[in-house]
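K.L.:
Residue numbers are given in the UniProt record's numbering: position 94 of the sequence shown equals residue 94, and the series is strictly consecutive.
Sharing a structure here in structure tokens format.
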Amino acid sequence: MIEITHNIHIDEDEIEEQFIRSPGPGGQNVNKVSTGVQLRYDAKHSAAISPALFARLRTLAGQRMTKDGVLVISVHETRSQARNRELALERLVELIRQATHVPKKRTPTKPSRGARERRLEGKKKQGALKKTRAKVNLNQ
Numbered sequence: 001m002i003e004i005t006h007n008i009h010i011d012e013d014e015i016e017e018q019f020i021r022s023p024g025p026g027g028q029n030v031n032k033v034s035t036g037v038q039l040r041y042d043a044k045h046s047a048a049i050s051p052a053l054f055a056r057l058r059t060l061a062g063q064r065m066t067k068d069g070v071l072v073i074s075v076h077e078t079r080s081q082a083r084n085r086e087l088a089l090e091r092l093v094e095l096i097r098q099a100t101h102v103p104k105k106r107t108p109t110k111p112s113r114g115a116r117e118r119r120l121e122g123k124k125k126q127g128a129l130k131k132t133r134a135k136v137n138l139n140q
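Rendered as structure tokens:
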């Protein structure tokens, strides 16, 4: 069991691992060894993920989630297959953890008196600066 939060746990059997050929550093080893890792997690049909959490997860995941609701995380940063696997699991856990935090709804407020005054002062300075750029009329 992988612990996401104190009340969300994912069974390791729900995560499908696939080892792929990895681009990047490794020399001749790159052509022989599959060090890249691709994790697939079916978030839509998982018992650990509620529908509300899935909706937030879908938004955060972006292109990493397929139309079927499968979260795909690919890692091929290091030359070590084990380290890439650890990184992929960390990213999966972190992504789900981020989805558990519900963003606070913004309450609209009016600008303070000081903020309004600073804004108007800035506008006056900008207007004065633009006025200095104008052509000088010597006839007056």
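Glycine included, C-beta positions come from ideal geometry on N, C-alpha and C.
Are LEU95 and ALA61 touching if we call contact CB-CB under 8 Å?
P.N.:
Yes; because the gap between Cβ atoms is below 8 Å, this pair is in contact.
K.L.:
What residue does the beta strand (DSSP E) around GLY127 start on, and which one ends it?
P.N.:
Per DSSP, GLY127 belongs to no beta strand (DSSP E); it is in the alpha helix (DSSP H), 113-132.
K.L.:
Starting from ARG64, trace the beta strand (DSSP E) in both directions and tell me its first and last residue.
P.N.:
Unbroken run through ARG64: none, as it is neither H nor E.
K.L.:
Could you give the first and the last residue of the continuous alpha helix (DSSP H) run that contains ILE4?
P.N.:
Where ILE4 is concerned, there is no enclosing alpha helix (DSSP H), given that its DSSP letter is neither H nor E.
K.L.:
Taking contact to mean at least 3 C-beta pairs separated by less than 8 Å, is the segment 31-45 in contact with the segment 11-18?
P.N.:
Enough Cβ pairs lie closer than 8 Å, so yes.
K.L.:
With DSSP collapsed to three states, give me the class of GLU94.
P.N.:
Helix at GLU94.
K.L.:
Beta-carbon separation of ALA115 and LEU57 under 8 Å?
P.N.:
Contact flag unset, no.
K.L.:
Does DSSP classify GLU16 as helix, strand or coil?
P.N.:
Residue state, collapsed to three classes: strand.
K.L.:
Kindly indicate the opening and closing residues of the beta strand (DSSP E) around LEU138.
P.N.:
Counting along the chain, LEU138 falls outside any beta strand (DSSP E), and DSSP gives it neither H nor E.
K.L.:
Can LYS110 and GLY69 be called in contact, C-beta distance under 8 Å?
P.N.:
Result no, Cβ atoms of LYS110 and GLY69 do not sit closer than 8 Å.
K.L.:
Beta-carbon within less than 6 Å of LEU53's beta-carbon, same chain only, minus the 5 sequence neighbours each way: which residues are those?
P.N.:
The residues are ALA99.
K.L.:
Tell me the rounded alpha-carbon separation between LEU71 and ARG64.
P.N.:
Those two C-alpha atoms are separated by around 6 Å.
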